[in-house]
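Protein sequence lines, in the order shown, are assigned to chains A and B.
Under the numbering used here, the first residue of the first sequence is numbered 16, with each subsequent residue one higher.
Under the numbering used here, the first residue of the second sequence is numbered 16, with each subsequent residue one higher.
A virtual CB, placed ideally from N, CA and C, is assigned to each residue, including glycine.
2 protein chains.
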Amino acid sequence: MAPFCAAVDWGTTNFRLWLLDAKGEVLAERSSSEGMCACQPDRFESVLEMHLAALGAPAGLPVIVAGMAGARGGWREAPYRDAPASLEGLYRDAVKIDGIARDVRILPGVCQRESGREDVMRGEETQLAGAWAESRTSGLFCLPGTHSKWARVEEGRLLGFTTFMTGELFSIISQHSILHDMVVSGGGDSTSPAFRDAVSEMLDGAGLTGKLFSIRAASLLGGDAAPDGKARLSGLLIGAEIAAARKELKSGAVTLIASGMHARAYETALSIAGIGCRTLDGQDLVRRGLYSAAVALWSEGTRE
Amino acid sequence: MAPFCAAVDWGTTNFRLWLLDAKGEVLAERSSSEGMCACQPDRFESVLEMHLAALGAPAGLPVIVAGMAGARGGWREAPYRDAPASLEGLYRDAVKIDGIARDVRILPGVCQRESGREDVMRGEETQLAGAWAESRTSGLFCLPGTHSKWARVEEGRLLGFTTFMTGELFSIISQHSILHDMVVSGGGDSTSPAFRDAVSEMLDGAGLTGKLFSIRAASLLGGDAAPDGKARLSGLLIGAEIAAARKELKSGAVTLIASGMHARAYETALSIAGIGCRTLDGQDLVRRGLYSAAVALWSEGTRE
Numbered sequence: 016m017a018p019f020c021a022a023v024d025w026g027t028t029n030f031r032l033w034l035l036d037a038k039g040e041v042l043a044e045r046s047s048s049e050g051m052c053a054c055q056p057d058r059f060e061s062v063l064e065m066h067l068a069a070l071g072a073p074a075g076l077p078v079i080v081a082g083m084a085g086a087r088g089g090w091r092e093a094p095y096r097d098a099p100a101s102l103e104g105l106y107r108d109a110v111k112i113d114g115i116a117r118d119v120r121i122l123p124g125v126c127q128r129e130s131g132r133e134d135v136m137r138g139e140e141t142q143l144a145g146a147w148a149e150s151r152t153s154g155l156f157c158l159p160g161t162h163s164k165w166a167r168v169e170e171g172r173l174l175g176f177t178t179f180m181t182g183e184l185f186s187i188i189s190q191h192s193i194l195h196d197m198v199v200s201g202g203g204d205s206t207s208p209a210f211r212d213a214v215s216e217m218l219d220g221a222g223l224t225g226k227l228f229s230i231r232a233a234s235l236l237g238g239d240a241a242p243d244g245k246a247r248l249s250g251l252l253i254g255a256e257i258a259a260a261r262k263e264l265k266s267g268a269v270t271l272i273a274s275g276m277h278a279r280a281y282e283t284a285l286s287i288a289g290i291g292c293r294t295l296d297g298q299d300l301v302r303r304g305l306y307s308a309a310v311a312l313w314s315e316g317t318r319e
Numbered sequence: 016m017a018p019f020c021a022a023v024d025w026g027t028t029n030f031r032l033w034l035l036d037a038k039g040e041v042l043a044e045r046s047s048s049e050g051m052c053a054c055q056p057d058r059f060e061s062v063l064e065m066h067l068a069a070l071g072a073p074a075g076l077p078v079i080v081a082g083m084a085g086a087r088g089g090w091r092e093a094p095y096r097d098a099p100a101s102l103e104g105l106y107r108d109a110v111k112i113d114g115i116a117r118d119v120r121i122l123p124g125v126c127q128r129e130s131g132r133e134d135v136m137r138g139e140e141t142q143l144a145g146a147w148a149e150s151r152t153s154g155l156f157c158l159p160g161t162h163s164k165w166a167r168v169e170e171g172r173l174l175g176f177t178t179f180m181t182g183e184l185f186s187i188i189s190q191h192s193i194l195h196d197m198v199v200s201g202g203g204d205s206t207s208p209a210f211r212d213a214v215s216e217m218l219d220g221a222g223l224t225g226k227l228f229s230i231r232a233a234s235l236l237g238g239d240a241a242p243d244g245k246a247r248l249s250g251l252l253i254g255a256e257i258a259a260a261r262k263e264l265k266s267g268a269v270t271l272i273a274s275g276m277h278a279r280a281y282e283t284a285l286s287i288a289g290i291g292c293r294t295l296d297g298q299d300l301v302r303r304g305l306y307s308a309a310v311a312l313w314s315e316g317t318r319e
């Protein structure tokens, strides 16, 4: 079957491309570490064409892109849409790359300008569009990561969202703080009691910055055994995120867009909080969101 | 007047020594950057003797030490006393350095072993002892710093305490996170609206990890002007500390042990929280606490 479009998730550190047929089924795919950070501004086109050529994509095949390639300093800036924003309508603000032969469009990110609640996303909105296209679910969505996003979607509109620096804080505290030794040598994952206890403490209203040092103190007082410092740090940070984000939960369950270890950890923590959740795979959803935008852009138009 | 003792505040990165007369008045003083981190275990004695000699201290003058010199890996470990602990009684657990001619004693730190609230201090207990000796004040004490301490003292007993990693988080977030550019280039101090707004947001119950990214987003959305990123980060962290710590405030005011910029920032933040505070100078208090311990150890004894 002939491809209908190419869909690209072009993030900070990763590049992923799918050739999709007219029904959105995957015909072929490629991925690499040529994220935005690895691409000089003048290299985006050649990276894209190289991957398209490797999959035998025709010269006239249009390409829809989401992610950091549309940031300032990326390939071409696709300015943020203000929330509230229709997830199905994001394609209207896609930016067409000019000066090249192929029809390539980059989807916009979404922003929020309220003072003290300023926020931005770029890429997650396409996952949310995919989730809406697939399941027509309203409610609160959680997208864990370096910068976790919690987003409220009602009737296909992204009303607002909050970014939690959970993953980045885990990384810099592990690497650069006095907790380094306890986290690096400390075992444990989201199945360990240390993780569960830490989540519970944060859900009970503890302040994060007053809990972190307990990891160090427990190690000093406990002698040799580093008591699951990694699991405890992870539990404190994820617990802090859920404790704050659940204030936005009006009723019902959270839709978790995640996979692997992230999904397990957040499912465990949400269950400790008594919050039901349904988990969807993030990679599938970004492709689904890209496909929906491509259909809106090109399924009625004429293409070579 | 002849010196009665030498008092040493020997921290991680700083060394400070005073010659005190029998009334605790300062006869002479020295300070240097020869903190614990700069001293190999076998160098503590020579560093101390060099500074004593520079001040012309007699060979038989006893020396009382507080701080990280008593940590594992310091000069000689002075094991933690468990809280609750009598501040006037800490001298009883001072550790005498053996194998040297001079009478040198290191005061213990204080620890708390309750699971999930494990904590340690080393140096601050001597400031608290100084505050008790000077003013007989009970209540909640705040000692800002790299690792801020909030301690409850009743009738001269240190009942319990919590460490907040406020200063260290400010440092690693400034240096190593995606907020780096906004904090380094962003001006503002505790008099700026950005600081005050950030404190207020945290006192209103916001979650710290969901507020940090607003510094980045405001910069992306606001164009050139980095909106006081430094003041905002400082306000969020200090606000988070006070929001958590004030749960321990039963009534009345907080005693703030601080000086300079720290004192101004915490005084501003406490006033936004509607909490009265009285500020005492930390360096004076550690010397006062050391002197009290020296009196208890040596004023009745015989010395050359």
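Residue closest to residue i, alpha-carbon to alpha-carbon, out of the options
i: L322(A); options: D118(A), A93(A) and P123(A); result: Here chain A comprises residues numbered 16 to 319, so residue 322(A) is not present and cannot be evaluated.
i: S48(A); options: E140(A), I257(A), V41(A) and H66(A); result: H66(A)
i: G237(A); options: R132(B), A246(B), L312(B) and M197(B); result: R132(B)
i: I287(A); options: A213(A), T294(A), A166(A) and V198(A); result: A213(A)
i: H195(A); options: E44(A), F185(A) and D204(A); result: F185(A)
i: I230(A); options: K245(A), A221(A), A86(A) and E170(A); result: K245(A)
i: G104(A); options: A81(A), G171(A) and E64(A); result: G171(A)
i: L285(A); options: M217(A), R128(A) and A311(A); result: M217(A)
i: G50(A); options: E44(A), G267(A), V23(A) and G225(A); result: V23(A)
i: A81(B); options: R117(B), W33(B) and P99(B); result: W33(B)
i: T141(B); options: E183(B), R247(B) and Y106(B); result: Y106(B)
i: A148(B); options: G39(B), A69(B), F30(B) and L223(B); result: G39(B)
i: V323(B); options: P99(B), S234(B) and E183(B); result: For residue 323(B) there is no data in the structure shown, the boundaries of chain B being 16 and 319.
i: W165(B); options: Y95(B), E263(B) and L227(B); result: E263(B)
i: A69(B); options: G145(B), A43(B) and E183(B); result: A43(B)
i: D219(B); options: A258(B), N29(B), D296(B) and A233(B); result: A258(B)
i: G289(A); options: D296(A), V269(A) and L295(A); result: V269(A)
i: S153(B); options: W25(B), R45(B), S189(B) and C292(B); result: C292(B)
i: L173(A); options: I188(A), G145(A), V198(A) and N29(A); result: G145(A)
i: S130(B); options: E256(A), R261(A), L295(A) and S234(A); result: S234(A)
i: R87(B); options: I79(B), E60(B), C52(B) and F210(B); result: C52(B)
i: E64(B); options: M83(B), A116(B) and T28(B); result: A116(B)
i: E60(A); options: S163(A), R167(A) and R120(A); result: R120(A)
i: A280(A); options: P208(A), R45(A), V168(A) and G175(A); result: P208(A)
i: L35(B); options: P77(B), T206(B) and V168(B); result: P77(B)
i: I193(A); options: G222(A), L248(A), A37(A) and D204(A); result: L248(A)
i: T283(A); options: R128(A), R211(A) and Q190(A); result: R211(A)
i: D97(A); options: A84(A), G175(A) and E169(A); result: G175(A)
Within-7 Å CB hit, residue i to chain E
i: I187(B); result: Of the protein chains in this structure, namely A and B, none is chain E.
Residues that residue i bridges to, as DSSP identifies them
i: W147(B); result: DSSP output for W147(B) lists no bridge partner at all.
i: V23(A); result: L32(A) and V80(A)
Residue i: CB within 6 Å of a non-hydrogen atom of the ligand GTP
i: I188(A); result: Absent from the structure shown: the ligand GTP. Ligands present: none.
Per the contact definition of three or more C-beta pairs closer than 8 Å, is the region 52 to 60 of chain A in contact with the region 70 to 77 of chain A? Touching, no.
Could you give the uninterrupted runs of the alpha helix (DSSP H) lying entirely in the region 154 to 225 of chain B, keeping only those of 4 residues or more? 181 to 191, 195 to 200 and 208 to 218
Contact between the region 129 to 140 of chain A and the region 154 to 171 of chain A: three or more CB pairs below 8 Å? yes
Would you say the region 104 to 114 of chain A touches the region 82 to 93 of chain A, given that touching needs at least three Cβ pairs under 8 Å? Touching, yes.
Runs of alpha helix (DSSP H) lying entirely within the region 35 to 87 of chain B, each at least 4 residues, in chain order: 59 to 69
Within 9 Å of chain A by C-beta, residues of the region 175 to 199 of chain B in sequence order: T177, T178, F179, M180, T181, E183, L184, S186, I187, I188, Q190, H191, S192, I193 and L194
Positions along the region 121 to 148 of chain B whose CB lies within less than 9 Å of some CB in chain A: Near chain A, meaning a CB-to-CB distance below 9 Å, the residues of the region 121 to 148 of chain B are C126, Q127, R128, S130, G131, R132, E133, D134 and V135.
Complete runs of the alpha helix (DSSP H) confined to the region 250 to 307 of chain B [at least 4 residues]: 275 to 287
Take every Cβ of the region 249 to 259 of chain A, pair it with every Cβ of the region 178 to 187 of chain A, and state whether three or more of those distances are shorter than 8 Å. yes
Which runs of the beta strand (DSSP E) at least 3 residues long sit entirely within the region 90 to 135 of chain B? Give them in chain order. 119 to 121 and 125 to 127
Can you find at least 3 beta carbon pairs, one from the region 294 to 308 of chain A and one from the region 17 to 27 of chain B, that sit closer than 8 Å? Taking 8 Å as the limit for Cβ pairs, the verdict is that the region 17 to 27 of chain B does not touch the region 294 to 308 of chain A.
Kindly confirm or deny that the region 306 to 313 of chain A and the region 265 to 276 of chain B touch, where touching means at least three C-beta pairs closer than 8 Å. no
Using a beta-carbon distance cut-off of less than 8 Å, what residues from the region 245 to 261 of chain B approach chain A? Here the close residues are L252, A255, E256, A258, A259 and A260.
Taking only beta carbons into account, state which residues of the region 267 to 278 of chain A come closer than 9 Å to chain B, listed in chain order. none
Using a Cβ-Cβ cutoff of 7 Å, what residues of the region 208 to 220 of chain A are near chain B? List them in chain order. D212 and E216
Near-chain A residues of the region 153 to 171 of chain B - C-beta to any C-beta below 9 Å: T161, H162, S163 and W165
Note down, in chain order, all residues in the region 221 to 232 of chain B with a beta-carbon under 9 Å from any beta-carbon belonging to chain A. A221, G222, L223, T224, G225, K226, L227, F228, S229, I230, R231 and A232
When you check each C-beta in the region 26 to 50 of chain B against every C-beta of chain A, which residues fall closer than 9 Å? none
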